[in-house]
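Asker: Mind the numbering: the sequence shown is residues 138 to 234 in my numbering, read in order.
Where is the CB? At the ideal position from N, CA and C, for every residue including glycine.
The structure that follows is given in the form of structure tokens.
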Amino acid sequence: MAEQGREAGAEVKFAQKADLKKLSPEHLEFIRKKEMALLVKSGKLRTRNTITGLVIGGIVLGIYGYTFFSVSQERFLDELEDEAKVARASYPRTSAN
138 MAEQGREAGA EVKFAQKADL KKLSPEHLEF IRKKEMALLV KSGKLRTRNT ITGLVIGGIV
198 LGIYGYTFFS VSQERFLDEL EDEAKVARAS YPRTSAN
């Protein structure tokens with residue numbers, strides 16, 4: 138259906154490169170302004186992405202460091218082991234032990 142309006146063998150011209158020699162000075166100025174705006178916009182986006190990456194990395198390292206710190210502070214297993222030693226020592230000795 139879409140090809141009914143086209144001639145057979147004719148190609149659709151899409152996203153062609155413009156010949157800069159044929160463009161008017163107004164068009165060239167417009168292109169230059171758009172390129173500069175795109176350059177500034179991409180710089181801002183790159184800066185924001187870098188800051189976001191550093192913030193996320195800082196959060197991850199903070200959680201990682203806090204986890205190691207809190208695990209190294211846990212002494213409850215040592216206390217349980219000490220209680221088990223005391224309990225084993227206080228059991229009466231029988232021939233089955």
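With DSSP run on the structure shown, which of helix, strand or coil describes Asp156?
Answerer: Along the sequence shown, read from residue 1 onward, the residue named residue 156 stands at position 19. Here Asp156 sits in coil by DSSP.
Asker: With a Cβ-Cβ cutoff of 8 Å, do Leu176 and Leu165 count as a contact?
Answerer: If you number the sequence shown from 1, residue 176 lands on position 39. If you number the sequence shown from 1, residue 165 lands on position 28. Against a cut-off of 8 Å, the Cβ pair of Leu165 and Leu176 comes out as no contact.
Asker: Rounded to whole angstroms, what is the Cα-Cα separation between Ala224 and Thr231?
Answerer: Stepping through the sequence shown from its first residue, residue 224 is reached at position 87. Stepping through the sequence shown from its first residue, residue 231 is reached at position 94. For Ala224 and Thr231, the distance between alpha carbons rounds to 15 Å.
Asker: Alpha carbon to alpha carbon, how far is Lys159 from Ile178? Give it in angstroms, no decimals.
Answerer: Against the sequence shown, residue 178 aligns to sequence position 41. Against the sequence shown, residue 159 aligns to sequence position 22. The residue you asked about is not Ile; residue 178 is Lys in the sequence shown. Straight-line Cα distance between these residues: approximately 28 Å.
Asker: For Arg169 and Val197, what's the separation of their Cα atoms in angstroms?
Answerer: Counting from 1 along the sequence shown, the entry for residue 169 is found at position 32. Counting from 1 along the sequence shown, the entry for residue 197 is found at position 60. Cα to Cα, the separation comes out at about 42 Å.
Asker: Thr231 by DSSP, collapsed to three states: which one?
Answerer: The residue you call residue 231 lines up with position 94 of the sequence shown. In the structure shown, Thr231 sits in coil (DSSP, three-state: anything other than H, G, I, E or B).
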